[in-house]
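Trainee:
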């Protein structure tokens, strides 16, 4: 299971790349935390909004049950929802 919140695509302007943004749970146990520095090399890659920084455009599950994150730079990353491990996006997934 992946846990998030409404507005989770935004982080405060003063955020550091050490900020956790994704939390993967399996059987009520936290199995992986993904921080911004695992997705971006520089804070300047985040998209400035009126009051925050956006780090993700779209987030959700594809047709092959991968958890897919579309970053603000257009890159798409897939994660195994049970382990939080990165994996290649499957051909029939979005």
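Residue numbers (our numbering): 1468 to 1561. All residues carry an ideal CB built from backbone N, CA and C; glycine is no exception.
Taking a contact to mean a Cβ-Cβ separation below 7 Å, would you say residue 1557 touches residue 1516 in this structure?
Mentor: For the purposes of this step, residue 1557 is taken as the residue at position 90 of the chain shown. For the purposes of this step, residue 1516 is taken as the residue at position 49 of the chain shown. Not closer than 7 Å, so no.
Trainee: Less than 8 Å between the CB atoms is what I'm expecting for residue 1487 and residue 1500, so what's the real figure, rounded?
Mentor: Within the chain shown, numbered from 1, the residue matching residue 1487 stands at position 20. Within the chain shown, numbered from 1, the residue matching residue 1500 stands at position 33. Residue 1487 to residue 1500, Cβ: 5 Å. Contact.
Trainee: Do residue 1477 and residue 1519 count as a contact pair if the criterion is CB distance below 7 Å?
Mentor: Working through the chain shown from its first residue, we reach residue 1519 at position 52. Working through the chain shown from its first residue, we reach residue 1477 at position 10. With contacts defined by Cβ atoms closer than 7 Å, residue 1519 and residue 1477 form a contacting pair.
Trainee: Give every residue of the same chain whose Cβ lies closer than 6 Å to the Cβ of residue 1545, excluding the five residues on either side of it in the sequence, and list them in chain order.
Mentor: The residue given as residue 1545 occupies position 78 in the chain shown. Annotation for residue 1545: 1533, 1535, 1554 and 1556 place their beta carbon closer than 6 Å to its own, counting only its chain and skipping 5 residues before and after.
Trainee: Relative to the C-alpha of residue 1475, which candidate in 1548, 1547, 1502 and 1494 has its C-alpha closest?
Mentor: As a first step, residue 1475 must be located in the chain shown, where it is residue number 8. Looking at the Cα atoms, 1502 is the closest of the given residues.
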